[in-house]
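I have placed the structure first, in the form of structure tokens, so that the comments after it can refer back to it.
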Amino acid sequence: MAIDRTPILKRCRALGIEAAIVGKARTSKRQPRRSMRKVSEYGLQLKEKQKAKFIYGVLERQFRKYYEKAKTMSGVTGENLLILLERRIDNVVFRLGLANTRRQARQIVRHGHITVNGKRLDIPSALVHVGDVIEVCEKSQSNELFKMLKETNNALSAPAWLEADQANLKGSVVRFPSRDEIDIPVNEQSIIELYSR
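This note's numbering numbers the first residue of the sequence shown as 4 and each following residue consecutively.
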């Protein structure tokens with residue numbers, strides 16, 4: 004399994020996004036390098052794709068599969084792509100406030116701390132469906148991280164398409180998100196144009 008080990012703040016600076024979007028509280032004091040060269044249309048499209056891949060922690064092959072799946076679904080392909088990425092279990096764990104970052108959420112899922120509908124799930128790329136109940140395993144609730152989350156009542160508020168129960172460390176999927184509820188600064192149409200070349 005390939006792992007992206009790029010420093011988060013450096014990557015955020017290069018892509019021109021805020022570190023808070025990825026879940027980091029720190030900000031970089033450095034300014035991005037200024038280039039006098041004009042960026043081509045291809046360069047802009049590539050940057051949008053890199054933003055989406057970096058924010059969700061997905062590598063190229065898997066991202067391409069999400070695009071192929073979004074293309075076959077009914078509706079707008081760009082919106083379908085973002086909805087598929089939002090439905091990943093590691094992203095849902097992050098959105099419910101059970102982790103501080105998507106990387107931490109991925110590790111929590113990978114280590115088997117999360118159950119979906121009562122069954123343990125350790126695949127971060129698994130997609131959730133409407134009505135799924137996501138919760139922390141009973142054994143894992145005594146873990147320091149989850150005790151702290153219970154006490155502090157994590158400040159991340161769950162979006163409208165998820166229903167969070169912070170006291171019991173669980174949540175459920177009420178419906179699929181719409182494009183208005185996905186708050187990442189990505190122009191999905193540029194990604195579709197890049198792939199349809």
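All residues carry an ideal CB built from backbone N, CA and C; glycine is no exception.
Length of the line joining the Cα atoms of residue i and residue j
{"i": "GLU147", "j": "GLY115", "result": "15 Å"}
{"i": "ASP93", "j": "LEU85", "result": "14 Å"}
{"i": "LEU3", "j": "ARG40", "result": "Look at the range of the chain in this structure, 4 to 200, and you will see that residue 3 is not part of it."}
{"i": "VAL136", "j": "ASN171", "result": "12 Å"}
{"i": "GLU82", "j": "ARG91", "result": "15 Å"}
{"i": "ALA158", "j": "SER145", "result": "Caution is warranted here: a pLDDT of 46 is assigned to ALA158, below 50, making its placement in the model unreliable, and the coordinate value is therefore given only provisionally. Taking the straight line joining both Cα atoms gives about 20 Å."}
{"i": "ILE11", "j": "PHE57", "result": "9 Å"}
{"i": "LYS150", "j": "LYS13", "result": "32 Å"}
{"i": "SER77", "j": "SER160", "result": "30 Å"}
{"i": "THR80", "j": "ALA129", "result": "20 Å"}
{"i": "ILE20", "j": "LYS54", "result": "8 Å"}
{"i": "SER193", "j": "ALA102", "result": "30 Å"}
CB contact flag (residue i, residue j, <9 Å)
{"i": "TYR69", "j": "LEU87", "result": "yes"}
{"i": "VAL139", "j": "VAL176", "result": "no"}
{"i": "ILE24", "j": "ASP186", "result": "yes"}
{"i": "PRO188", "j": "PRO162", "result": "no"}
{"i": "ALA167", "j": "GLY100", "result": "yes"}
{"i": "LYS27", "j": "THR104", "result": "yes"}
Opposing strand residues paired with residue i [DSSP bridges]
{"i": "ALA167", "result": "GLY174"}
{"i": "ARG91", "result": "LEU130"}
{"i": "VAL136", "result": "SER175"}
Under the three-state DSSP convention, the category residue i falls into
{"i": "LYS122", "result": "strand"}
{"i": "VAL79", "result": "coil"}
{"i": "VAL25", "result": "helix"}
{"i": "GLU141", "result": "coil"}
{"i": "ILE117", "result": "strand"}
{"i": "ARG67", "result": "helix"}
{"i": "VAL189", "result": "coil"}
{"i": "ALA17", "result": "helix"}
{"i": "THR9", "result": "coil"}
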